[in-house]
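If you read the protein sequences in the order shown, they are chains A and B. Take the first sequence: its letter number 70 is residue 70 in my numbering, and every next letter is one higher. Going from the second sequence to my numbering is simple: count from 1 and add 153. See structure below.
There are 2 protein chains.
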Amino acid sequence: MPTVKKLPRPAAKTVRPSALQAESLRQTRREHASETAEDYVEAIADLAASQGEARVVDLARRLGVTHVTVNRTLARLQREGYVRVQPYRAIFLTDSGRVLAADCHHRHGIVVAFLCSLGIPEKAAEIDAEGIEHHVSPATLAAFARQLKANKP
Amino acid sequence: MPTVKKLPRPAAKTVRPSALQAESLRQTRREHASETAEDYVEAIADLAASQGEARVVDLARRLGVTHVTVNRTLARLQREGYVRVQPYRAIFLTDSGRVLAADCHHRHGIVVAFLCSLGIPEKAAEIDAEGIEHHVSPATLAAFARQLKANKP
DNA sequence: TTCAAAGTGTAGCCAAAGCTACATTATGTA
DNA sequence: TACATAATGTAGCTTTGGCTACACTTTGAA
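Below, the structure written as structure tokens:
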């Protein structure tokens with residue numbers, strides 16, 4: 001066997017320290033777990049506002065999945081206390097569901113507006129925002145808002 | 154049964170049209186599928202640069218998961234043509250793996266620099282970037298870069 | 001040369017989020 | 001009222017990405 005001495009981990013040379021990156025990625029994974037919940041409650045709130053009630057088919061159309069997926073996810077969201085669901089009935093948000101929805105709506109608006117302010121076309125901004133909004137920390141959201149305010153007084 | 158007439162879908166009133174939002178969400182889900190690949194190849198490239206080679210334990214530490222997860226994911230990445238793996242040997246990127254890694258590295262740098270330019274502390278910027286970078290379209294990335302250039306000439 | 005520790009691999013469990021296919025319930029209209 | 005259709009629900013499959021527990025290789029030092 002070749003005696004390729006394994007250097008004893010020159011930690012100093014690492015560009016992004018492992019611990020920090022590992023933590024960032026763990027954070028991202030945590031966020032991902034709640035992304036679905038956020039997308040659902042936001043869609044439910046929107047539908048309730050625009051149609052009076054949110055039904056499974058509407059949600060499925062809106063979220064781009066089948067009604068089966070919607071159904072199973074709603075069960076989880078009910079377990080987690082965001083929605084109230086009864087067979088063959090409309091879907092209602094709980095208090096905490098409404099809070100979460102409002103939060104998301106707010107965040108979404110800022111992210112889209114910010115991207116637009118950078119000259120990105122609305123449609124592209126919408127698409128990007130959908131992915132980005134779940135990963136924007138309060139500090140970054142505040143920075144976006146600050147920037148927006150500064151740019152159009 | 155109550156005769157609650159279901160309004161015939163007043164599409165005009167919908168704030169975000171269903172079709173667009175559904176497509177945005179589908180896009181986000183597609184991106185999510187490649188996030189893991191991006192994180193892995195970037196970590197592998199970094200490790201190869203800083204330590205000379207990337208090993209399973211290093212990756213596990215770096216990514217904040219167990220070596221088991223790393224192993225299974227590497228098998229998938231090999232199937233998809235990003236890495237070359239041999240039992241008990243170091244992990245190597247293929248050409249397309251190297252391209253992807255370079256891409257990600259570039260994108261990551263711009264996103265972090267952009268967030269920092271908004272006054273967000275480096276550490277928070279790193280964390281946010283980890284989540285955001287996978288959802289930034291070329292147009293948005295270009296906008297970030299443009300902004301950066303304009304701000305410090 | 002041996003052998004313990006570190007690294008790597010495998011088996012098998014779990015949950016989330018997709019899907020198709022099929023069963024059941026509501027609803028509006030004939 | 002009856003019934004076709006739309007909406008909803010259920011069974012069961014897939015992939016991804018976590019995990020623990022245990023087995024096998026490598027490696028370096030005694």
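All residues carry an ideal CB built from backbone N, CA and C; glycine is no exception.
The count of Cβ pairs closer than 8 Å, one atom from the segment 257-272 of chain B and one from the segment 85-92 of chain A, stays below three, leaving the stretches out of contact. Taking the CA atoms as reference points, residue 282(B) sits about 31 Å from residue 95(A).
Under the Cβ criterion of 8 Å, residue 124(A) is counted among the residues facing chain B. Along the segment 99-121 of chain A, going in chain order, the ones with a CB nearer than 8 Å to a CB of chain B are 115, 118, 119, 120 and 121. Contact note: residue 301(B) does not reach chain A at a C-beta cutoff of 8 Å; the least C-beta distance is about 11 Å.
Contact note: residue 220(B) does not reach chain A at a C-beta cutoff of 8 Å; the least C-beta distance is about 13 Å.
Secondary structure of residue 145(A) (DSSP, three-state): helix. With the rule of 3 Cβ pairs closer than 8 Å, the segment 209-216 of chain B counts as touching the segment 181-199 of chain B.
In the structure shown, residue 242(B) adopts coil according to DSSP, grouped into three states. Burial check for residue 186(B): the Cβ neighbour count within 10 Å stays below 16, so the residue is exposed. For the 8 Å CB-CB criterion, residue 24(A) and residue 273(B) do not form a contact. One Cα belongs to residue 244(B), the other to residue 294(B), and the distance between them is close to 30 Å. In the DSSP assignment, residue 276(B) falls within the unbroken alpha helix (DSSP H) covering 275-285.
Rounded to whole angstroms, the separation of the alpha carbons of residue 188(B) and residue 250(B) is 13 Å.
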